[in-house]
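Protein chains in written order, with the numbering used here: chain L, 1 to 306; chain C, 307 to 553.
In what follows, a single structure is set out as structure tokens and then discussed.
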């Protein structure tokens, strides 16, 4: 039994995979705080798909070299992200509309370009990644991105917090809200790229949403959400990877499913914001006024029965 | 600040060349509570936004103690309308008040005992000490307003701009908020609140601004809060030419 449990840690490719998973899981988990609070989940999904034309161009120009793929993806995502903002700001078209339009076009362009590629490219690989085949170059890219994104987010915690909470008030206090929003977008794209090789674009979204969404059901503190999201992302990803090895299932999908499972448990059981505890809590006509009574230490006042 | 005076000279704010506030001149003294009255679309929010530098005035200037809005950002706190806030945000009352200190601290300076004390004082002044660890959605409407006022206090803001703070409050919550505003005014702050409930104006505010695109009247409540000014503000056609129904 012990042997079976420890088996995945013996292979070099698995050690690499765990290493990559831990870093990607942590970075994406921290970033997921902003995605949940700013409601960017669908935006992130769209951005992920719009990486494709950049990858296709890179393949056409440089073949499958990781550096080329990296810059291709980044430029494509930047064009879509900035294009979205430009259209939204300069016309009456709203952000979601312009994003939807641009990302559909970008994805289509990517497919067209890929069909012209001399190298046969597995679309499947782009969508779901292959964490068991991480190369040195992949690990370096993952490292570099994490060491860029995390310290930036930590250093800018205060202005980011003010911006995410109330953009207009933050702007009134002299915070450069637009610049910070672009920065968040940039961090999002970078994390997406670092997840690309590991779990693919579709599954990266899971890692970019699930951790903070889960912690959000437990805590009312921004810091707990940020670091807790990181830790959960890291541990959940590694555990998911191990499970995939033990049960011989696809790794990326296992990671996301496990994160989803943890979320589901939290959703049902979280003492504060979970569904079941709320369902069985004593019903009250004026829950708020009851709360206020408690606040005034009137502990012995029996709540009126329905 | 040498002179506690908020001065607005010849202010025009417009959106796509359509003016929302028209050549406004006002001079307000700190230590007063002022009601900003006017129908929907009268330019109340535009005026607030111009005061905190969120919209650029077409003409004119706003000065607090002789300094332009750029220098006075930290001294003017703008409290958002309640609908504009994400109440599910992972934030407690204390966390909200601490945010007020960030403006003073900048990005990295450590949060020290002086900041802690400022937060405590702000919470105590707004009678929120017992509720400090509450998440902000678990507050009543009046408490939410006071929580944002506590943030403005922690920020050591001098001028507080409130967008319809009394809307949706019951009588007792309204009284508590009214008392809180009184305390702020007594401490020398200038409180300007847009307001809809005309009945409660005399008991809540020292002065009144009647605004409908342009300034209709401004002065002590006892002098200018008259039937005639109310009619002129709410009952007439606005200068922009669109008709508005009388209230």
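Note that beta-carbon positions come from the ideal geometry of N, C-alpha and C, so glycine has one too.
What you are looking at is a predicted structure, and each value in this text was computed from that prediction instead of being measured.
| Query | Result |
| --- | --- |
| Which of helix, strand or coil DSSP assigns to residue 501 (chain C) | coil |
| Continuous alpha helix (DSSP H) assignments of at least 4 residues falling wholly in the stretch 160-218 of chain L | 167-172, 177-216 |
| Bridge partners - residue 387 (chain C), DSSP secondary structure assignment | Per DSSP, none; premise fails for residue 387 (chain C). |
| Within chain C, the residues that residue 171 (chain L) reaches when beta carbons sit closer than 7 Å | 360 |
| Residue 527 (chain C) to residue 447 (chain C) span [Cα, whole Å] | 26 Å |
| is_contact[residue 222 (chain L), chain C] using C-beta, thresh 8 Å | yes |
| Delimiting residues of the alpha helix (DSSP H) encompassing residue 533 (chain C) | 533-540 |
| Residue 540 (chain C) at chain L interface by Cβ criterion, 8 Å | no |
| Where residue 346 (chain C) falls: helix, strand or coil (DSSP) | coil |
| Pair within 8 Å by beta-carbon distance, residue 198 (chain L) and residue 30 (chain L) | no |
| Those runs of the alpha helix (DSSP H) which lie wholly inside the stretch 124-159 of chain L and span at least 4 residues | 136-155 |
| Of the listed residues L:17, L:145, L:54, L:239, nearest to residue 186 (chain L) (C-alpha basis) | L:145 |
| CB contact below 8 Å: residue 165 (chain L) versus chain C | yes |
| For residue 28 (chain L), the three-state DSSP class (helix, strand or coil) | helix |
| Nearest residue (CA-CA) to residue 55 (chain L), options L:36, L:101, L:116 | L:116 |
| Residue 417 (chain C) to residue 534 (chain C) span [Cα, whole Å] | 52 Å |
| Closer than 8 Å to chain L by CB, residue 475 (chain C) | no |
| Residue of C:343, C:466, C:379, C:362 minimising C-alpha distance to residue 522 (chain C) | C:343 |
| Chain-order list of residues whose beta-carbon lies under 8 Å from that of residue 452 (chain C) (same chain, five-residue window excluded) | 432, 433, 434, 482, 483, 486 |
| Interface partners of residue 219 (chain L) on chain C, CB under 8 Å | 396 |
| Coarse secondary structure for residue 324 (chain C), derived from DSSP in three states | strand |
| Within 8 Å, strictly: CB atoms of residue 461 (chain C) and residue 472 (chain C) | no |
| Cut-off 6 Å between Cβ atoms - residues of its own chain near residue 325 (chain C), not counting five sequence neighbours on either side | 318 |
| Selected residue, minimal CA-CA separation from residue 307 (chain L), among C:444, C:377, C:404, C:420 | Past the edges of chain L, shown from 1 to 306, lies residue 307 (chain L), and the structure says nothing about it. |
| Length of the line joining the Cα atoms of residue 28 (chain L) and residue 3 (chain L) | 31 Å |
| Whether residue 240 (chain L) touches residue 264 (chain L) by CB criterion (8 Å) | no |
| Whole-angstrom distance between residue 129 (chain L) and residue 243 (chain L), CA atom to CA atom | 17 Å |
| Contacts around residue 86 (chain L), its chain only, beta-carbon distance under 6 Å, and the 5 residues preceding and following it disregarded | none |
| Endpoints, alpha helix (DSSP H) assigned at residue 431 (chain C) | 419-431 |
| Exposure label - residue 492 (chain C); buried when at least 16 CB within 10 Å | exposed |
| Three-state secondary structure assigned by DSSP to residue 93 (chain L) | coil |
| Residue 374 (chain C) - partner residues in DSSP beta bridges | C:369 |
| Interface residues of the stretch 440-463 of chain C facing chain L [CB-CB below 7 Å] | 441, 444, 446 |
| Sufficient close CB pairs (3 or more, under 8 Å) joining the stretch 406-423 of chain C to the stretch 359-378 of chain C | no |
| Status (buried if at least 16 other CB within 10 Å, exposed otherwise) for residue 147 (chain L) | exposed |
| Between the CA atoms of residue 71 (chain L) and residue 314 (chain C) - distance to the nearest angstrom | 51 Å |
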